[in-house]
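In this note's numbering, the protein residues as written are 17 to 103.
In structure tokens, the structure reads:
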């Protein structure tokens with residue numbers, strides 16, 4: 017199991033376009049990737065679940081992956097956040 021924490025920096029929080037980037041990234045991996053925010057969790061491959069987390073600006077988000085490519089999966093999702101991606 018691989019874990020990481022990221023902060024959502026965008027004033028708009030985690031909105032549709034950025035959630036879609038995360039989902040596209042997550043779908044490239046075989047590992048099960050989960051995003052957690054305020055005791056709610058979401059499958060990172062489901063746009064609806066990711067949006068239902070309701071992540072507001074300046075919120076913390078946990079990323080967890082379990083599977084054969086878990087390390088690469090978490091690193092890639094973290095990279096989406098760190099590259100700016102508006103998040």
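Backbone N, C-alpha and C define an ideal beta-carbon position, used for all residues, glycine too.
Is it true that the CB of residue j sits closer than 8 Å to the CB of residue i?
i: residue 30; j: residue 90; result: no
Which first and last residues belong to the alpha helix (DSSP H) in which residue i is found?
i: residue 36; result: 32–42
i: residue 68; result: 63–68
i: residue 89; result: 86–98
Skipping 5 residues on each side, what residues in its chain have a beta carbon closer than 8 Å to that of residue i?
i: residue 17; result: 80, 81, 82, 86
i: residue 36; result: 63
Tell me which same chain residues have a C-beta within less than 7 Å of the C-beta of residue i, skipping the five on either side of it?
i: residue 22; result: 77, 79, 94, 97
i: residue 109; result: This structure gives no information on residue 109, because the portion of the chain shown stretches from 17 to 103.
i: residue 38; result: 60, 66, 93, 96
In whole angstroms, what is the alpha-carbon distance linking residue i and residue j?
i: residue 47; j: residue 84; result: 6 Å
i: residue 50; j: residue 20; result: 11 Å
i: residue 104; j: residue 66; result: Given a span of 17 to 103 for the chain in the structure shown, any question on residue 104 remains unanswerable.
Looking only at its own chain, which residues have a Cβ that is under 6 Å from the Cβ of residue i, when we skip the five neighbours before and after it?
i: residue 44; result: none
Taking the beta strand (DSSP E) that residue i falls in, what are its first and last residues?
i: residue 56; result: 56–59
i: residue 53; result: 48–53
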